[in-house]
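These notes concern the structure reproduced below.
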Amino acid sequence: MLKHAASAISQASRVRGARLISASAVSRKDLVQDLYLRELKAYKPPPQAKDAHVGSVKSYSAPSPPKPPAVPADLAAELSKYDAEEPDLAESVTTTATSAEEGTSGGAKEFLAFLEQDLPKREAHH
248 MLKHAASAIS QASRVRGARL ISASAVSRKD LVQDLYLREL KAYKPPPQAK DAHVGSVKSY
308 SAPSPPKPPA VPADLAAELS KYDAEEPDLA ESVTTTATSA EEGTSGGAKE FLAFLEQDLP
368 KREAHH
């Protein structure tokens, strides 16, 4: 009896497998997808005119090459003139720095006085 049940199960599985293969091949065919793919393959874009890019593309022109720096004719005279000059710029920088310190010290004192003030009392809300 066990032998008979095993053979019946194996025979039923063979029949189902054969039916699923034949039925599933037909049911899986997608007509809409086939139609869509056929239309995509048949589509030919319209040819573009050769001058279609004229309005949207600028013509390229190479930039002019840079000119090399010119060496002064009388370089020795210019260097000696530079060495002879006195650097008076440093004095003006120190005077502006001291005047800036004097202006900010009053601001710092005012700020510290503001911080030392008592906070205003809160009003009771009803």
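Taking the numbering used here, I'd label the letters of the sequence shown as residues 248 to 373. Yeah, the Cβ is synthetic: ideal placement off N, Cα and C, and Gly gets one too.
Contact between residue 319 and residue 325 holds: their C-beta atoms lie close to 6 Å from each other, under 8 Å. In the three-state scheme derived from DSSP, where H, G and I count as helix and E and B as strand, residue 296 is classed as coil. In this structure, the alpha-carbon of residue 310 lies about 51 Å from that of residue 285. In this structure, DSSP gives residue 258 a helical state, which the three-state scheme calls helix.
Residue 276 has its alpha-carbon roughly 39 Å from the corresponding atom of residue 251. In the structure shown, residue 305 falls within a coil segment according to DSSP collapsed to helix, strand and coil.
CA-CA distance, residue 371 to residue 353, rounds to 37 Å.
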